[in-house]
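Protein chains in written order, with our numbering: chain D, 201 to 812; chain Z, -18 to 56. Every residue, glycine too, gets a C-beta built ideally from N, C-alpha and C. Here the structure is a predicted model, which means the values were calculated and not measured.
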Amino acid sequence: MTHTLLPPDALMALKPEPSAGERLVILAGNPNVGKSVVFNALTGLYVNVSNFPGTTVDIPRGKLDENTTLQDTPGIYGLSGMSEEEQVAEKAILNADVVINVVSAISLERDLFLTQQLIDYEKRLIVAVNQMDEACERKLDIDMVKLSELLGVPVYACVATQGQGIDKLKTHVWDAKTGNKTPDSPPAEVLQEDEKHPGKRLTLYGHRRHHVNAISANVVHQHEDENKNTWRHQFSRKLGDAFLNPVIGLIAMAGVLLSLYQVVGVWVAGDTVDFTEGTVMLGYVVPFLKGLVETVVPAGNWFHQLLVGEFGVITMSIQYIYGVLFPLVLGFYIYISLLEDCGYLPRVAVLSDSLLSRIGLNGRAVIPIILGFGCVTMATVSTRVLNTQRERTIASTILAITVPCSAQLAVIMALMASAGGLKGWLVYVACLFTIMIALGTILNNLLPGKSTPLVLDLPPMRLPSLKNVFQKTWVRTQAFIREAAPLFILGSAIVAIFQVSGFLDKIQVWLSPVTVSLLHLPSETATAFVMGMVRRDFGAAGLLHLSSSINAIQMMTALIVITLFVPCIASAAVFWKERGIKEATMILIGSWLLAFGIGTLVCRLLEAVPIL
Amino acid sequence: MTLNETQVGDTLCIIDIANPQIATMAMRLGICKGSNLSVCSKVPGGPVVVRRGHMEIALGRDICKQITVTKVSSQ
C-alpha cells in the first residue's frame, strides 16, 4: 500500500505559490463531527465543490476572509494514507498555513488522536470542540481551559448547527499555535517518514493513543449515572438500537424504501417531471429553442435534425438535464441528506453488511444502490464513497445492469398489470435480485483482491437540521449537474448522429431477428430496446403501445430485457468517465449479452412453467 | 474468545488484535489493547456494534474474528 499518491518532492511541487497575502486554512476532523456545518457557517453558502486534482474526492472551498481560502477535507480518523480520502486530506493539510481541527464533544477521546497527530506533525492548529449541546444532554462536562493547556493550542467550544462559537473561531484563527507534542516524539519530518513503516507506525500510534487517552481522562467528566440522562438522549439511543435489530430494522427499511418510492418515484419522477418536462420543457422551452435555431438553420435540413430534431443535441440535453434530471436529483438528495443527517443511513449500512459482503462489497455500498433506484447516473458518481477501486467496479456494474432507475420504474409499474400483476412483480423482483447476487458473486471471485471489512462509526440518532439538509442538497445537486451536464450533451450528440445517419434504424433491423427468434417477441419490440439506450424510460414507454398485442410472458420477457439492457446513454457516459473506457466497453457488451441471454432463459422457463 | 463470540450487553476488555493493519485502524478509533467496551448490538451473521463512552462503532464480522477479548461483566 502506498502512503500517499505522490512521492514527497511531488507534494512540494503541488504546494500553491505563496502569492502575496494568499493564505490557506484547512478544516480537518473525524467523520460525523459536524465539520461541514462548521465549514458552511464559516464561509456562507457560496461554496465551490471541486475534485482534488487527480482524484475523485470532493473538496469544497470557500473564502474565510478576503485573502484567506478555507478548504474542507474529507472526514478522517488519522493521517495514515489508508484510503484515497486520507491521502487527499493529508496532502491538503501538509500545505496549510493553519489547520482548524473540528472535534466532537461527545467523542473527544477518539477525535483527539487526529488532533495530537496534527500537533506531532508541527502544524499550526486551532481546535473547535463542536456538538457541545449534545455533550450537555449527555451530562458530559469538558474543561476547555485544561484541554487548551494540555494540547498547547487554542480551543473553542461550538454548537455549529446554531452558529454558536463560530465568530470566535473566525476571529482567533490566526492565534493558532504548534502545540505540545507527544512525549519523545521525533521532529515532524522524521515522524512522517517513520509512520510510513507499518511496524514503527503501530508503536508510535500506541504512544499517541496512550497520551491522548490521558488528556481525555483529565478534561472529560461524566456527571451522573448514564441512566439518568435526558429522555431525548435515551430515546435516541433506543431508536438507534431498534434500527439495528434485524426484524424491526427490516420493517423500517421496507417502510423507508416504500416512502422513498412514493416521494421520489411517484411524486417527483412522475408528477413533478410531468410538469417540468411535459409542460415547461415541451410546452415552452423546446418550441422556443426550435424557433430560435430555425431563424438560422431551415427546418428539414439534416443539421436542423441534429440540433433540434427528435433527438436533437440542444433540445434533448436541455429537456433532459433541466426537465428530468434536475428535479429528480434534487428530490433524491433531499431525501438521502435527511436520512443521512438523522443517523439512519449508517444503520442500514450495518444491517445490509452481511449480504453485501457476500458480493464483494460492504455495508457502505447500500448508499449507491439505494441512489440507483432514483437515478443510475447519480448513483454511479456516488460509488466514490466506496473504499477501493474493486468495490467501485462491482457496485457500478451491478448498478448499470440490474438496478432500474425511478423514471423506468414508473413505466414498468404501469406495464406490470399486463405482465401478471402481483405475480409479475414477484417474478420480476426475484429475477433481478438473483441476477444481482449472481453477478456480484462472479465479480467477487473474478476480480483480484478481497473486499474490505466494514468499520463504521454510528452517529447518534438526531433530528436533522433542515438548514444543513438543504445546504447539502443544494451543493450536491449543483455539483452533480455541473459534472453530468457535459456528459449528457455528449450522449445526446451521439444519439443525434446515430439518428441523422440512419444508424438507429439499422440497429433496429439488426436486432429484429434476435427479438423474434430468441425472445419470441414481435419485431417492433426492437425499437423499444433501442429507445432504451437513449433513455431508459423511453424504452419502457416504447412497450406501452405494444401492451395490448402481447401476452403476459412476452411482456415479462420484454421488461426484464429492458431493465438489463444497456443503461441510458447518460449513465453509460458517466460510467465511462468514472471507470475508464475498458470497463465501460465491457459493461456495455456484458449488458447486451446478459439482457438477451437472461431474456431467452426467462421466456423459455415461463413458457415451460406457465405461472403467469 | 473473539469479539464475534460475545453477547449483547457484555462488557469486554481487549486482549489482542491479531492483524496489525486492523490494530492500527482500531487504535485511531480508540480501540486498543486494554480498552474497555460494551457490545450493544449484533446483526446475525453481520457486524457487531460496540459502544465506548458515547461512541458506537460497527465492526464487520471478519474484523471481530481478529479481536481477542475477555469478559469483564455481562448484563
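In this structure, residue 309 (chain D) lies away from residue 433 (chain D), with their beta-carbon atoms at least 7 Å apart. Spatial neighbours of residue 508 (chain D) in its own chain (CB-CB distance under 7 Å, excluding positions within 5 residues in sequence) are listed in chain order as 489, 490, 493, 514 and 515. Contact annotation for residue 43 (chain Z) against chain D: 653 [CB-CB distance below 7 Å, chain order]. 314 and 317: these are the residues of the segment 314 to 326 of chain D whose beta carbon lies less than 9 Å from some beta carbon of chain Z, given in chain order.
DSSP places residue 13 (chain Z) in no beta strand (DSSP E); its state is neither H nor E.
Interface with chain Z (7 Å Cβ-Cβ cutoff): residue 309 (chain D) is included. Exclusion of the five residues before and after residue 340 (chain D) leaves 305, 306, 420, 421, 422 and 423 as the residues of its chain whose Cβ lies within less than 8 Å of its Cβ.
At a cut-off of 7 Å between beta carbons, residue 39 (chain Z) contacts chain D. The Cβ atoms of residue 271 (chain D) and residue 300 (chain D) lie no closer than 7 Å to each other. For residue 240 (chain D), the three-state secondary structure derived from DSSP is helix. In this structure residue -13 (chain Z) touches residue 50 (chain Z) by the C-beta definition: roughly 7 Å separates them, less than 8 Å. Within chain D, no C-beta atom comes nearer than 8 Å to that of residue 54 (chain Z); the closest sits roughly 15 Å away. Ranked by how close their Cα comes to the Cα of residue 379 (chain D), the residues D:361, D:404 and D:349 have D:349 in first place. Between residue 278 (chain D) and residue 314 (chain D), the C-beta spacing is below 7 Å. Contact annotation: residue 335 (chain D) and residue 241 (chain D) have beta-carbon atoms that are not nearer than 7 Å.
Residues of chain Z with a Cβ closer than 7 Å to the Cβ of residue 306 (chain D) are, in chain order, 35. For residue 274 (chain D), none of the residues of chain Z pass the 9 Å Cβ criterion, the least Cβ distance being about 15 Å.
Residue 645 (chain D): member of the alpha helix (DSSP H) spanning 621 to 646, first to last residue. Between the C-alpha atoms of residue 619 (chain D) and residue 570 (chain D) there is a straight-line separation of about 25 Å.
Distance from the CA atom of residue 702 (chain D) to the CA atom of residue 695 (chain D), rounded to whole angstroms, is 11 Å. Assigned with DSSP and collapsed to three states, residue -2 (chain Z) falls in strand. In its chain, beyond the 5 residues on either side, 30 and 32 have a beta carbon closer than 6 Å to the beta carbon of residue 21 (chain Z).
The alpha-carbon separation between residue 565 (chain D) and residue 691 (chain D) amounts to approximately 27 Å. For the pair of segments examined, the segment 580 to 588 of chain D was found to touch the segment 596 to 609 of chain D: the number of CB pairs separated by less than 8 Å reaches three. The continuous beta strand (DSSP E) containing residue 421 (chain D) extends over residues 420 to 422. Put simply, the CB of residue 19 (chain Z) is far from chain D, with every gap to its CB atoms at 7 Å or more.
Ranked by Cα distance from residue 646 (chain D), the first of D:789, D:323, D:590 and D:632 is D:590.
For residue 269 (chain D), the enclosing beta strand (DSSP E) starts and ends at 268 to 272.
Shown here for residue 362 (chain D): same chain residues with a beta carbon closer than 8 Å to its own, the five before and five after excluded, namely 333 in chain order. The bridge partners DSSP lists for residue 229 (chain D) are D:302.
Contact with chain Z is absent for residue 730 (chain D), since none of that chain's Cβ atoms lies less than 7 Å from the residue's Cβ. Exclusion of the five residues before and after residue 6 (chain Z) leaves no residue of its chain whose Cβ lies closer than 6 Å to its Cβ. Contact with chain D is absent for residue -18 (chain Z), since none of that chain's Cβ atoms lies less than 7 Å from the residue's Cβ.
Classified as exposed, residue 748 (chain D) has fewer than 16 neighbouring CB atoms from the shown chains inside 10 Å of its CB. In this chain, residue 749 (chain D) is not harboured by any beta strand (DSSP E), its DSSP state being neither H nor E. Nearest neighbour of residue 353 (chain D) by Cα position, chosen from D:387, D:331, D:798 and D:312, turns out to be D:312.
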